[in-house]
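Residue numbers (my numbering): 2 to 201.
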């Protein structure tokens, strides 16, 4: 398609006339103008009217305000990337099924998949320590952190109706699977009962 467009930039197919639906659509001329030289499409082509009234303003409480500030700060100091990998976890599922009852008897908490994944993430961070770093823009320095403080999104209140919060398992690299499972369970219970404290 791109090769044909470069070879014949002036030719554009004209759509057949359609009965009016009451929705205004941009003309072919306005499309061409908005596409520009590099074929980019501006948001104006969509002809969307954004509401200027009839909006609800919700005042953030102190906790939500602090979360928002920390999220913005995180974007400024830590490199963000999203990657997806498909993994066959059949062996992991089988191992958990075989060991979950013995684990609960010994540790006193259920063995969910979350601490198993956290344990492997910690292992990866140890192998690639620069993952656990941030940037000090004022001093032009990379801050490499020895402690792995693992943030875990949990639901607030019964049924998660209070939204999400991200408490932290501090020095997670010092915990074994039992310790991680207990930390995950404790944070989930605290969040459900809204008993998290600022240090969490």
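We put the CB at the ideal spot given by N, CA and C, even for glycine. Computed from a predicted structure; not experimentally measured.
Just confirm the distance between the C-beta atoms of residue i and residue j, as a whole number of angstroms; I'd bet it's less than 8 Å.
i           : j           : result
residue 158 : residue 195 : 6 Å
residue 182 : residue 112 : 6 Å
residue 78  : residue 135 : 4 Å
residue 188 : residue 201 : 7 Å
Pull up the distance between the alpha-carbon of residue i and that of residue j, whole angstroms please.
i           : j           : result
residue 87  : residue 118 : 14 Å
residue 149 : residue 141 : 22 Å
residue 137 : residue 146 : 12 Å
residue 70  : residue 120 : 29 Å
residue 91  : residue 5   : 47 Å
residue 60  : residue 66  : 9 Å
residue 109 : residue 139 : 47 Å
residue 62  : residue 179 : 35 Å
residue 184 : residue 174 : 12 Å
residue 124 : residue 8   : 52 Å
residue 21  : residue 72  : Any answer about residue 21 is weak, because its pLDDT of 45 lies below 50 and its placement is not dependable; what the coordinates show is given next. Spanning the two alpha carbons is a distance of roughly 46 Å.
residue 97  : residue 105 : 11 Å
residue 162 : residue 144 : 37 Å
Does residue i pass the burial test, meaning 16 or more other C-beta atoms within 10 Å, or should it be called exposed?
i           : result
residue 190 : exposed
residue 3   : exposed
residue 133 : buried
residue 153 : buried
Hey, is residue i close to the ligand MN, as in C-beta under 6 Å from one of its heavy atoms?
i          : result
residue 88 : The model on display carries no ligand, and the ligand MN is accordingly not part of it.
Cutting at 6 Å between CB atoms, please list the residues of its own chain near residue i, excluding the five before and the five after it.
i           : result
residue 17  : Only weak support is given to the placement of residue 17: the predicted model assigns it a pLDDT of 48, under 50, and the question is left unresolved by the model.
residue 170 : 151 and 184
residue 100 : none
In its own chain, which residues sit with a C-beta less than 8 Å from the C-beta of residue i, not counting the 5 before and 5 after it?
i          : result
residue 93 : 114 and 117
Scan the stretch 99-133 and note each continuous alpha helix (DSSP H) run of 4 residues or more that stays entirely inside, going in chain order.
-> Whole alpha helix (DSSP H) segments, 4+ residues: 114-128.
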